[in-house]
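Numbering (my numbering), first residue to last: 538 to 818.
Just so you know, even glycine gets a beta-carbon here, dropped at the ideal spot from N, CA and C.
Keep in mind that this is a model prediction, so the values were computed, not measured.
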Amino acid sequence: MTQTTEYQATAAASGGAATEKFVEKAKAGPDTSPERVSALASEVLSAVHDVIRRHHVTYEEYDTLKAWLIQVGADGEWPLFLDVFVESVVEEVASEHREGSKGTIEGPYYVPGAPALDADATLPMRADEAGTPLLFHGRVRDVAGNPLAGATLEVWHADDAGFYSQFAPGLPEWNLRGTVTADADGTFRIRTIRPAPYQIPTDGSTGALIRSAGWHAWRPAHLHLKVSAAGCQPITTQLYFEGDEHVADDIASAVKPELVLRPDVAPDGEEARYDFVLDPA
Ligand code: DHB
Ligand code: FE
Numbered sequence: 538m539t540q541t542t543e544y545q546a547t548a549a550a551s552g553g554a555a556t557e558k559f560v561e562k563a564k565a566g567p568d569t570s571p572e573r574v575s576a577l578a579s580e581v582l583s584a585v586h587d588v589i590r591r592h593h594v595t596y597e598e599y600d601t602l603k604a605w606l607i608q609v610g611a612d613g614e615w616p617l618f619l620d621v622f623v624e625s626v627v628e629e630v631a632s633e634h635r636e637g638s639k640g641t642i643e644g645p646y647y648v649p650g651a652p653a654l655d656a657d658a659t660l661p662m663r664a665d666e667a668g669t670p671l672l673f674h675g676r677v678r679d680v681a682g683n684p685l686a687g688a689t690l691e692v693w694h695a696d697d698a699g700f701y702s703q704f705a706p707g708l709p710e711w712n713l714r715g716t717v718t719a720d721a722d723g724t725f726r727i728r729t730i731r732p733a734p735y736q737i738p739t740d741g742s743t744g745a746l747i748r749s750a751g752w753h754a755w756r757p758a759h760l761h762l763k764v765s766a767a768g769c770q771p772i773t774t775q776l777y778f779e780g781d782e783h784v785a786d787d788i789a790s791a792v793k794p795e796l797v798l799r800p801d802v803a804p805d806g807e808e809a810r811y812d813f814v815l816d817p818a
């Protein structure tokens with residue numbers, strides 16, 4: 538009973554907060570030509586029409602779809618749904634010509650303006666933050682191998698229960714979020730905890746689809762990062778952990794082999810290194 542209540546609160550709050558934050562960010566969208574809007578919209582509609590013909594979709598199924606689409610909006614789950622099932626391909630296309638480190642999806646839980654931290658950083662966390670301590674360190678360079686002095690690493694991740702601050706209720710505002718400035722030689726050391734695998738909220742409309750289709754709702758544990766430096770293209774990426782069962786089976790299809798960390802045992806928890814390479818702007 539307690540768990541049911543907790544999940545209900547979480548999905549409602551996570552979905553709603555993600556929608557509010559996204560609508561704010563997307564206010565000034567780009568101008569797309571009528572030709573392009575027409576081409577994209579008619580191809581999407583044709584793909585839907587094809588599915589209806591090939592599968593002989595019934596009126597009952599059509600009404601179920603309508604009701605479900607209405608519910609996704611009412612739950613505020615469009616950011617969650619789209620970032621899980623669509624964003625990975627948008628990222629694939631956007632990064633086609635990049636040489637440096639791999640990027641992957643941003644997901645719905647990025648918040649700009651996390652507290653500024655030095656190159657030797659500890660992410661904001663509760664005094665009794667649960668989870669294995671993790672020292673995450675490395676260096677940021679350009680594609681020619683030059684260190685990028687003062688590169689910025691925005692880091693955010695779920696806690697040991699799989700919840701993100703500012704989206705799930707009851708967490709301190711900037712818990713496990715920070716904006717780290719690398720040293721003059723591009724190095725950084727970030728102390729945090731290893732996040733737990735993330736489960737798409739199961740009680741909302743996205744969860745209903747996942748359940749009805751017999752899929753699972755899990756993403757492997759991951760650190761989110763946005764890495765940027767003057768004169769370079771910023772990257773948005775995620776890092777995963779070898780041995781996590783969902784690395785090979787991510788519902789958001791966002792894992793790339795280059796993004797999997799192999800942490801070593803450290804005196805106080807674990808330690809993992811990752812070096813970032815940024816393409817020229
Ligand atoms: C979703 C959540 C994430 O933490 C993530 O990285 C990607 C997608 C989601 O719920 O849509
Ligand atoms: Fe995430």
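- In the structure shown, the three-state DSSP call for W605 is helix.
- A Cβ-Cβ contact shorter than 8 Å links L760 with V692.
- Contact check for A766 against L685 passes: the beta carbons are separated by less than 8 Å.
- Linking I727 to D696 through their CA atoms gives a straight-line distance of about 15 Å.
- Counting only heavy atoms of the ligand FE, the residues whose C-beta sits closer than 6 Å to one of them are, along the chain, G644, Y646, Y735, H759, H761.
- Counted as a single uninterrupted DSSP element, the alpha helix (DSSP H) harbouring E580 occupies residues 571-592.
- Pairwise C-beta distances place the stretch 745-753 out of contact with the stretch 705-718, as fewer than three of them are shorter than 8 Å.
- V609 sits buried, since 16 or more C-beta atoms from the chains shown fall within 10 Å of its C-beta.
- Around the beta carbon of Y735, 16 or more other beta carbons lie within 10 angstroms, which makes this residue buried.
- With respect to the C-alpha of S638, the residue from V797, F673, L602 having the closest C-alpha is V797.
- If you check the C-beta of V621 against the ligand DHB, you find a heavy atom less than 7 Å away.
- P706 and A681 have their C-alpha atoms some 44 Å from each other.
- In chain order, A651, A653, E691 place their CB closer than 6 Å to the CB of T716, counting only its own chain and leaving out the 5 sequence neighbours on each side.
- Under the DSSP assignment, D620 falls in the alpha helix (DSSP H) whose first and last residues are 615-622.
- The stretch 677-761 contains, as complete alpha helix (DSSP H) runs of 4+ residues, the segments 742-750 (chain order).
- At a cut-off of 7 Å, the beta-carbon of R756 counts as near the ligand DHB: some heavy atom of the ligand is closer than that.
- Within the DSSP secondary-structure output, D657 pairs in a beta bridge with R726.
- Checking the 7 Å criterion, the Cβ of L606 is out of range of every heavy atom belonging to the ligand DHB.
- Distance from the C-beta of L776 to the nearest heavy atom of the ligand DHB is not below 7 Å.
- D600 sits in a helix when the DSSP states are folded into three classes.
- In this model, R663 and Q703 are separated by some 14 Å (Cα to Cα).
- P738 sits away from S579, with the two beta carbons spaced by 8 Å or more.
- Non-local C-beta neighbours of A803 in its own chain, meaning closer than 7 Å and more than five positions away in sequence, comprise L672, ordered along the chain.
- Between the C-alpha atoms of D816 and P567 there is a straight-line separation of about 24 Å.
- Short of 7 Å from the beta carbon of H783, and not among the five residues preceding or following it, lie these beta carbons of its own chain, in chain order: P734, W755, R756, P757.
- Residues D620 of the same chain have their beta carbon placed closer than 6 Å to that of G644, with the five preceding and five following residues left out of the count.
- DSSP places H634 in the coil class of the three-state scheme, outside both helix and strand.
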